[in-house]
Amino acid sequence: MKHSLFLGSSLLLSPVLLHAGQRNEIRWIPAYEKLEMEGKLAQRIKQAYAIFENCQLCPRKCGVNRQKGEKGFCRAPVKPVIFSYHPHFGEEMSLVGEKGSGTIFFSNCNLRCVFCQNWPIAHEGKGKEVQDEDLAGSMLHLQKMGCHNINLVTPTHVMPNILNATRIALKKGLHLPLMYNTSGYEPLEILKMLEGIVDIYKPDMKYMDADKAAKYSAGASDYPEVTKKAIVEMHRQVGVLKLDKRGMAIRGVIIRHLVMPNRVAGTEKFVKWIAETLPKSTYVNIMAQYRVEYKAYDYPEIARGITEQEFLEAMDSAEKYGLTNLDPQSIALRNFYRHRRSN
Ligand code: SF4
38 MKHSLFLGSS
48 LLLSPVLLHA
58 GQRNEIRWIP
68 AYEKLEMEGK
78 LAQRIKQAYA
88 IFENCQLCPR
98 KCGVNRQKGE
108 KGFCRAPVKP
118 VIFSYHPHFG
128 EEMSLVGEKG
138 SGTIFFSNCN
148 LRCVFCQNWP
158 IAHEGKGKEV
168 QDEDLAGSML
178 HLQKMGCHNI
188 NLVTPTHVMP
198 NILNATRIAL
208 KKGLHLPLMY
218 NTSGYEPLEI
228 LKMLEGIVDI
238 YKPDMKYMDA
248 DKAAKYSAGA
258 SDYPEVTKKA
268 IVEMHRQVGV
278 LKLDKRGMAI
288 RGVIIRHLVM
298 PNRVAGTEKF
308 VKWIAETLPK
318 STYVNIMAQY
328 RVEYKAYDYP
338 EIARGITEQE
348 FLEAMDSAEK
358 YGLTNLDPQS
368 IALRNFYRHR
378 RSN
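Position 132, counted from 1, in the sequence shown is what our numbering calls 169; the numbers after and before it change by one each time, with no gaps.
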């Protein structure tokens, strides 16, 4: 009972029954493995790689030929650049478990926010250029360390490499949920190519207003509209978050929303949109950890951390619109603030 409460209202699933042998052996299989069994994964990789010749991987649609060494807005080369890979214990609890989320941080970014919390990696491209085989090796290394998933941070501009690496790793025994941990700024046609490959989507929803998106994310005024459509598509593909019997995430969508000072992130509009568009049991993490980073000092309205009141207001909105599957750590922080105020 305690365990169920801890997990919120995420669906607890039995693993997929694959081979019912004498001992009723049950084996969960990742999405990409099913697609490979259907003989479709190799073709998908070929299609994805072709996009590099006229890069349209993200809504910036630069049209550069990355195969020939041209670089677009994200400044990413055709090979993946990795900053680091390691078990990460700062993610949602259903991703971290005992051994951590197997996180791979990709360098460069197509959004380039002025308040970027990872700016040396995202803006300055610090990291090491590797081959797809090396990326596959990193995935397998994380699996060997006992990580519970492969957590691909800022994957958009290296999607073809990820697909290829996943297939290489699959052939060598990769058997973990694949998580696409993205800013949410993804074109629909690209997301459709990921159907049947990605097990878990973890998009941000950074802003609800075009002018804020344009101001703080390098002119990306279409971010709210693009990301809303992307999240709906992600939900269509994998649904609400599902956990296995150990409480670990195996499939579904986790939406992250960072509360910003002076209501810049449009939190009330965000929770209202979720409540009206997706099931109220959609897993939503309303985060309090905004820090003033990178160029945020140049923008007075975001040049401070959020207040206790701003976080409580955000959580109250989620409650008001009836969201039922909020991140337990956000709920704990809300309860702590409320308790402190009542004493
Ligand atoms: S991934 Fe990079 S090069 Fe490709 S469209 Fe987006 S910003 Fe441009």
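Every residue gets a Cβ at the ideal spot worked out from N, C-alpha and C, and that includes glycine.
Where do the ends of the alpha helix (DSSP H) carrying residue i lie?
i    : result
V37  : Residue coverage of the chain in this structure runs from 38 to 380, which leaves residue 37 outside it and unanswerable.
N372 : P365 to S379
F120 : Counting along the chain, F120 falls outside any alpha helix (DSSP H), though it belongs to the beta strand (DSSP E) covering V118 to H125.
F110 : First-last for F110: undefined, no H or E at that position.
D171 : D169 to K181
I343 : Per DSSP, I343 belongs to no alpha helix (DSSP H) and is neither H nor E.
W156 : W156 to A159
Y358 : Element bounds for Y358: n/a, residue is neither H nor E.
L78  : L78 to I88
D71  : Per the sequence shown, residue 71 should be read as Lys rather than Asp. Where K71 is concerned, the enclosing alpha helix (DSSP H) stretches over A68 to M74.
Taking the alpha carbon of residue i as the point to measure from, which residue in the options has its own alpha carbon closest?
i    : options                   : result
R283 : K163, H185, N299 and L295 : H185
E128 : F120, S354 and G137       : G137
F373 : I339, A325, R64 and Y358  : A325
A247 : P261, K98, M271 and E73   : P261
C381 : G164, L278, S220 and P197 : The structure shown does not extend to residue 381, since the chain spans only 38 to 380, so no value can be given for it.
R103 : H294, L363 and P114       : P114
E223 : T264, K77 and N198        : T264
F110 : A87, Y336, K77 and S254   : S254
V301 : A351, T314 and R377       : A351
F225 : K105, I268 and E161       : A small fix is needed here, since residue 225 is Leu in this sequence, not Phe. It is I268 whose Cα lies nearest to the Cα of L225.
I158 : D259, Y334 and F142       : F142
G162 : P117, M271, A286 and K181 : P117
I311 : E345, L363 and I227       : L363
H160 : R64, D169, M285 and N147  : N147
A333 : I227, F348 and P298       : P298
G303 : L370, Y331 and Y244       : Y244
T344 : V296, R377 and V308       : V296
V308 : K357, A286 and F89        : K357
F348 : E90, R375, K71 and W156   : R375
K249 : K209, V195 and E338       : E338
So residue i and residue j are in contact, right, with Cβ under 8 Å, and what is the actual spacing, rounded?
i    : j    : result
I234 : L200 : 6 Å
L211 : L177 : 6 Å
V167 : I119 : 6 Å
K252 : R293 : Their Cβ separation, rounded to whole angstroms, is 20 Å, which puts K252 and R293 out of contact at 8 Å.
P33  : L213 : What is shown of the chain runs 38 to 380, which leaves residue 33 out entirely.
L280 : V321 : Contact flag wrong, Cβ pair sits at about 16 Å.
G139 : I187 : 5 Å
T193 : L78  : Going by Cβ atoms, the distance from T193 to L78 rounds to 19 Å, so no, they are not a contact pair.
Y327 : V151 : No, Y327 and V151 are not in contact; Cβ-Cβ is about 13 Å, not under 8 Å.
P96  : D241 : The Cβ separation is near 14 Å, so there is no contact.
Y69  : T203 : 5 Å
M285 : G134 : 5 Å
Considering just the uninterrupted stretch of the beta strand (DSSP E) at residue i, what are its terminal residues?
i    : result
N198 : Premise fails: N198 lies in the alpha helix (DSSP H), M196 to K208, not in any beta strand (DSSP E).
I187 : I187 to V190
S144 : Note, S144: premise wrong, no beta strand (DSSP E); not H, not E.
Identify every run of the alpha helix (DSSP H) within the segment 267-332, keeping only runs that are complete inside it and at least 4 residues long; order them along the chain.
Considered as a whole, the segment 267-332 harbours 304-314 as its complete alpha helix (DSSP H) runs of no fewer than 4 residues, in chain order.
Residues near ligand 1, criterion Cβ-heavy atom distance below 5 Å:
Neighbourhood of ligand 1, defined by CB distance below 5 Å to any of its heavy atoms: C92, L94, C95, R97, C99, G109, F110, C111, N147 and H194, in chain order.
Every unbroken alpha helix (DSSP H) within the segment 209-267, with a cutoff of 4 residues, ordered by chain
The alpha helix (DSSP H) runs lying completely inside the segment 209-267 and spanning 4 residues or more are 225-230 and 247-253, given in chain order.
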